[in-house]
Structure formats: structure tokens, C-alpha cells
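Structure first, commentary second.
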Amino acid sequence: MVAPVRKSSKQRRNLRRSSVWKLEAPVLSLCQCGEYKLSHRACKACGTYRGRTVILKKDDTKKKK
């Protein structure tokens, strides 16, 4: 295996690696309550997932009693 002729500088190494770490924006979708939520996750505002109430909020439990 051939060894490199010269040492690569830190700047050249970092420029080569800079495109690897680009972040992508998360994909958001609208919930039925109108809030934005992450795909395939329950809504933090209303606690529903795929039309069903999965998470009961403290306000919801007081109203149902």
C-alpha cells in the first residue's frame, strides 16, 4: 500500500470532510389540531396519533372526571 507523499494540512482535511456533516431540516406535517408535528409521532399539543388519542393531557383528565 502506498503512503502519501506529503502530509495533508488540517484545512484541506476539514474542507474534504465539511460536506459529510450537513444537517437536514426535520420533516414536519400538520396535525388535525393545526400544530406542526414530526412524522410518525404523537402530537405534543393534543396527544393524538393517526386520529386516536394516545396521550392524555392534564387538562383532558380534569374535564372527563
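Taking my numbering, the leading residue of the sequence shown gets 6, the next gets one more, and so forth.
Note that the Cβ used here is the ideal one computed from N, Cα and C, for glycine as well.
Of all alpha-carbon atoms in S24, C36, R11, A8, the one lying nearest the alpha-carbon of A50 is that of C36.
A straight-line Cα-Cα distance of about 42 Å links R22 and V59.
Ranked by Cα distance from S34, the options A47, R17, R11 are led by A47. At the C-beta level, L61 and G52 come within 8 Å of one another.
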